[in-house]
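Below is one structure, written out as structure tokens, with a few remarks after it.
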Amino acid sequence: MFKRTLLLGAMAAGWLLTPALGQAQFVANDARLLASGCFQCHGTNGKSGAFDALAGDGKLDMLNKLNDMRKKSAGSSIMVPHARGYTSEQLNMMADYFSKQK
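For what it's worth, the working numbering labels the leading residue of the sequence shown as -9, then goes sequentially.
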């Protein structure tokens, strides 16, 4: 009886912890998921495309550019609504992601 209870308890614990493991994996990939919106124009992983490549740009430089775009008037650049569509934290995550791409 004790072995059965112990086995059922271990199975229940494993079942309860499984979603947490998947969640941790999603968070690790979250920056790439956010950055994927840039791939259409700036190339996969920011490696060229129709517009300037983003891969390897300095994180601080990219953040400054994105924050400057957020302050511009809506019709001044196609990037303005894109930059405004993300939170500061999300822009920080994307700038960090692109700065690490080679």
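The beta-carbon is built from N, C-alpha and C at its ideal position, and this holds for glycine as well.
{"Check": "DSSP three-state assignment for Phe41, whether helix, strand or coil", "Outcome": "coil"}
{"Check": "Identity of the residue in Tyr76, Met69, Arg(-6), Cys28 nearest Leu44 by Cα", "Outcome": "Cys28"}
{"Check": "Alpha carbon of Arg(-6) to alpha carbon of Leu56, nearest angstrom", "Outcome": "58 Å"}
{"Check": "At least 3 beta-carbon pairs within less than 8 Å: the segment 82 to 91 vs the segment 61 to 74", "Outcome": "no"}
{"Check": "Contact belief for Gln91 with Gly36 at Cβ below 8 Å, rounded distance in angstroms", "Outcome": "5 Å"}
{"Check": "Inter-residue Cα distance where the pair is Ser67 and Lys61", "Outcome": "11 Å"}
{"Check": "Terminal residues of the alpha helix (DSSP H) in which Met59 lies", "Outcome": "49 to 61"}
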